[in-house]
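Just so you know, the sequences run in chain order C and R.
Position one of the first sequence corresponds to residue 51 (the working numbering), numbered consecutively onward.
Position one of the second sequence corresponds to residue 51 (the working numbering), numbered consecutively onward.
Yeah, the Cβ is synthetic: ideal placement off N, Cα and C, and Gly gets one too.
Before any comments, here is the structure.
Protein chains: 2
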Amino acid sequence: MKKINPTIILVRPQLSENIGMTARVMDNFGLSKLSIVNPRDGWPNKKAETSSKHAIKIIDKAKIYSSLDNAILKYDLVIATSNRKRFLTKKSYNNFNIFKKKIKNFKNIAILFGPENSGLSNKDLRLSNFIFTIPTAYSNKSLNLSHSVSIISYELFNFNHDLIKNNKNQNIYNNKVDKRELMIFLNSLINDLDLKGFFKPLEKKESMIDNIYSIYNKIDLTKKELQMLWGMHKKLKKQPKS
Amino acid sequence: MKKINPTIILVRPQLSENIGMTARVMDNFGLSKLSIVNPRDGWPNKKAETSSKHAIKIIDKAKIYSSLDNAILKYDLVIATSNRKRFLTKKSYNNFNIFKKKIKNFKNIAILFGPENSGLSNKDLRLSNFIFTIPTAYSNKSLNLSHSVSIISYELFNFNHDLIKNNKNQNIYNNKVDKRELMIFLNSLINDLDLKGFFKPLEKKESMIDNIYSIYNKIDLTKKELQMLWGMHKKLKKQPKS
Numbered sequence: 051m052k053k054i055n056p057t058i059i060l061v062r063p064q065l066s067e068n069i070g071m072t073a074r075v076m077d078n079f080g081l082s083k084l085s086i087v088n089p090r091d092g093w094p095n096k097k098a099e100t101s102s103k104h105a106i107k108i109i110d111k112a113k114i115y116s117s118l119d120n121a122i123l124k125y126d127l128v129i130a131t132s133n134r135k136r137f138l139t140k141k142s143y144n145n146f147n148i149f150k151k152k153i154k155n156f157k158n159i160a161i162l163f164g165p166e167n168s169g170l171s172n173k174d175l176r177l178s179n180f181i182f183t184i185p186t187a188y189s190n191k192s193l194n195l196s197h198s199v200s201i202i203s204y205e206l207f208n209f210n211h212d213l214i215k216n217n218k219n220q221n222i223y224n225n226k227v228d229k230r231e232l233m234i235f236l237n238s239l240i241n242d243l244d245l246k247g248f249f250k251p252l253e254k255k256e257s258m259i260d261n262i263y264s265i266y267n268k269i270d271l272t273k274k275e276l277q278m279l280w281g282m283h284k285k286l287k288k289q290p291k292s
Numbered sequence: 051m052k053k054i055n056p057t058i059i060l061v062r063p064q065l066s067e068n069i070g071m072t073a074r075v076m077d078n079f080g081l082s083k084l085s086i087v088n089p090r091d092g093w094p095n096k097k098a099e100t101s102s103k104h105a106i107k108i109i110d111k112a113k114i115y116s117s118l119d120n121a122i123l124k125y126d127l128v129i130a131t132s133n134r135k136r137f138l139t140k141k142s143y144n145n146f147n148i149f150k151k152k153i154k155n156f157k158n159i160a161i162l163f164g165p166e167n168s169g170l171s172n173k174d175l176r177l178s179n180f181i182f183t184i185p186t187a188y189s190n191k192s193l194n195l196s197h198s199v200s201i202i203s204y205e206l207f208n209f210n211h212d213l214i215k216n217n218k219n220q221n222i223y224n225n226k227v228d229k230r231e232l233m234i235f236l237n238s239l240i241n242d243l244d245l246k247g248f249f250k251p252l253e254k255k256e257s258m259i260d261n262i263y264s265i266y267n268k269i270d271l272t273k274k275e276l277q278m279l280w281g282m283h284k285k286l287k288k289q290p291k292s
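So, in structure tokens, the structure goes:
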């Protein structure tokens, strides 16, 4: 199955840093197509370039439009993001499971983000298939523009990841100690503790030993770590030369 | 069912805007506790306040520390975020399902984010229970600091949302040791090993100490288990009566 690579469309963005940061986080999550409708501070834009860091290629290839209508012509699915309650009959969702179901079966997808101060206008929403609201805490719904893009990009990355469904669940060989090695160590440790009179009162000895086993079995020790524990143990019990 | 509200700890952050943006996105997703270790541009900081927008209360209440050790004393689970490959034995995950399983049963959780240019140092990682890497596209792993916080905060918001939804899912707090208790034990252990000449050759001392930290931080010790380790340790190093 082919990965999806929706176009992020920034509509009348105001801050150049937000354009750059948008490109950067798109690239972090494997998206590459950016369109911009009427950026307030013009184009090309040095600040946007700088703040995009290693994603300058996305800035360089960004498509600039003077109207949203022109920007969305080629898409078969357009999703408008918004955090405002709208009195429109347009469908609105705020659940990424639904979002992911909705984008299946579409090839050319665009996702719209409005200007920082006011968000998308009702007119901007006209040609969108549905409105999506990123779920947030009730008390503060005002996400920074590039943060909104970060969450959407991240979820699209997850979507693509699930698509690929790689069943090459590789076991990375971690060189863990086996139970035999651990047991030899624990026997030695317990024996030394016993000689020093650690297990008191005697009737608690077994449960104390249970606890020691429990502690060291929780660690998932590697062979190297066990070696270190051996070294520490031997050193600690060593008597000073007289 | 009680929501979790982990503390976000920014370690030596460089850009004030990132501190403000971090507070803003924390608030978007219902987090409220911010600690900062040695912010480069000092504190209080006007730029951080401005860029936090409606989350100024998080900036106002942020706790400032001059050392990471002091910042994490009271936490029983400390997660270090990193995108670098480390040559440490510390556990590392990059899957949020595992992340969410790991944070269950802990009450006092801190999540560390390193400085923008270099990330967390190996020494910063010593007392963390595990490393978490936000999954990203292979070609560009360098997330902006506040974008990293946005993804983590968003997933914690999802976690809390799910908690409430299936409220059968009870958090059982297991009486885990906090970092202060662990640090006191490890300091004593390392000190005793040092006195016995364990750390040889000297140039390996720091990495040997890293390993000791790593081993004991993997255990998720309960208070009772730590007590037992103390007992064992004291007994082992005790000299016989002559």
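Could you spell out the range, first to last residue, of the alpha helix (DSSP H) harbouring Tyr266(C)?
-> Residue mapping note: residue 266(C) aligns to position 216 of the first sequence, counting from 1. Its alpha helix (DSSP H) spans residues Lys255 to Asn267.
Under the rule that 16 or more other beta-carbon atoms within 10 Å means buried, what is Asn210(R), buried or exposed?
-> As a first step, residue 210(R) is located in the second sequence; it is residue number 160 there, counting from the start. Per the 10 Å Cβ criterion, buried.
Residues of its chain near Asn221(C), where Cβ-Cβ distance is below 8 Å and the 5 sequence neighbours each way are ignored = Stepping through the first sequence from its first residue, residue 221(C) is reached at position 171. At Asn221(C), the pLDDT of 39 sits below 50, so the modelled position is not reliable; the number obtained from the coordinates is stated separately. Cβ within range, chain order: n/a, list empty.
Based on the DSSP secondary-structure assignment, which residues constitute the bridge partners of Ala160(C)?
-> As a position in the first sequence, residue 160(C) is number 110, starting the count at 1. According to DSSP, Ala160(C) bridges with Thr57(C) and Val128(C).
Taking Cβ-Cβ distances below 7 Å as the criterion, which residues of the stretch 90 to 102 of chain R are in contact with chain C?
-> none
Quick one: Cα of Pro185(R) to Cα of Leu243(C), how far?
-> Here residue 185(R) refers to the residue found at position 135 of the second sequence. Here residue 243(C) refers to the residue found at position 193 of the first sequence. For Pro185(R) and Leu243(C), the distance between alpha carbons rounds to 45 Å.
Expressed to the nearest angstrom, what Euclidean distance is found between the alpha-carbon atoms of Ile240(R) and Lys246(R)?
-> On the second sequence, position 190 is the one that residue 240(R) refers to. On the second sequence, position 196 is the one that residue 246(R) refers to. The straight-line gap from Cα to Cα measures roughly 10 Å.
Establish whether the CB of Asp212(R) and some CB of chain C are separated by less than 9 Å.
-> Indexing the second sequence from 1 puts residue 212(R) at position 162. No, its Cβ sits nowhere closer than 9 Å to a Cβ of chain C.
With distances taken between CB atoms, is the gap from Ile299(R) to Ile109(R) smaller than 9 Å?
-> It is not possible to answer for residue 299(R), since the shown part of chain R is limited to 51 through 292.
Rounded distance between the beta-carbons of Ile129(C) and Ile86(C), thought under 8 Å | Residue numbering aside, residue 86(C) sits at position 36 when the first sequence is read from its first letter. Residue numbering aside, residue 129(C) sits at position 79 when the first sequence is read from its first letter. About 17 Å separates the two Cβ atoms, so there is no contact after all.
Three or more C-beta pairs below 8 Å linking the stretch 74 to 94 of chain R and the stretch 51 to 66 of chain R = yes
Relative to chain C, which residues along the stretch 61 to 87 of chain R have a C-beta separation below 9 Å, given in chain order?
-> Glu67, Met71, Arg74, Val75, Asp77, Asn78, Phe79, Gly80 and Leu81
What's the gap between the Cα of Glu275(C) and the Cα of Asn194(C)?
-> Position 225 of the first sequence, counted from the start, is the residue given in the question as residue 275(C). Position 144 of the first sequence, counted from the start, is the residue given in the question as residue 194(C). Spanning the two alpha carbons is a distance of roughly 45 Å.
Tyr115(R) in three-state terms, based on DSSP | Here residue 115(R) is taken as the residue at index 65 of the second sequence, counted from 1. Of the three classes helix, strand and coil, the one that applies to Tyr115(R) here is strand, per DSSP.
So with Cβ pairs under 9 Å, would you call Lys248(R) a contact of chain C?
-> For this step, residue 248(R) is matched to residue 198 along the second sequence. Lys is not the amino acid found at residue 248(R); the sequence shown has Phe there. Chain C, which has a Cβ nearer than 9 Å to the Cβ of Phe248(R), makes this yes.
Can you find at least 3 beta carbon pairs, one from the stretch 118 to 127 of chain C and one from the stretch 92 to 104 of chain C, that sit closer than 8 Å?
-> no
Do Asn172(R) and Asp270(R) come within 9 Å of each other at the CB atom, strictly closer than that value?
-> Residue numbering aside, residue 270(R) sits at position 220 when the second sequence is read from its first letter. Residue numbering aside, residue 172(R) sits at position 122 when the second sequence is read from its first letter. Against a cut-off of 9 Å, the Cβ pair of Asn172(R) and Asp270(R) comes out as no contact.
Interfacial residues, the stretch 116 to 135 of chain C to chain R, with Cβ spacing under 9 Å | none
Using the Cα positions of Arg74(R) and Ala160(R), report the straight-line distance between them to the nearest angstrom.
-> Here residue 74(R) refers to the residue found at position 24 of the second sequence. Here residue 160(R) refers to the residue found at position 110 of the second sequence. Roughly 18 Å separates the two Cα atoms.
Quick one: is Ile28(R) buried, meaning 16 or more other Cβ sit within 10 Å of its Cβ, or exposed?
-> Residue 28(R) lies beyond the stretch modelled for chain R, which goes from 51 to 292, so this question has no answer here.
Hey, does Leu279(C) have any beta-carbon neighbour from chain R nearer than 9 Å?
-> For the purposes of this step, residue 279(C) is identified with residue 229 of the first sequence, where counting begins at 1. It does: the Cβ of Leu279(C) has a partner Cβ on chain R nearer than 9 Å.
Straight-line gap, Asn219(C) to Met233(R) (C-alpha atoms, nearest Å) | As a position in the first sequence, residue 219(C) is number 169, starting the count at 1. As a position in the second sequence, residue 233(R) is number 183, starting the count at 1. Legend: pLDDT at Asn219(C) = 38, less than 50; position of this residue unreliable, value from coordinates given subsequently. Taking the straight line from one Cα to the other gives about 37 Å.
For Val199(R), which residues does DSSP report across the bridge?
-> As a first step, residue 199(R) is located in the second sequence; it is residue number 149 there, counting from the start. Its beta-bridge partners do not exist; DSSP assigns none.
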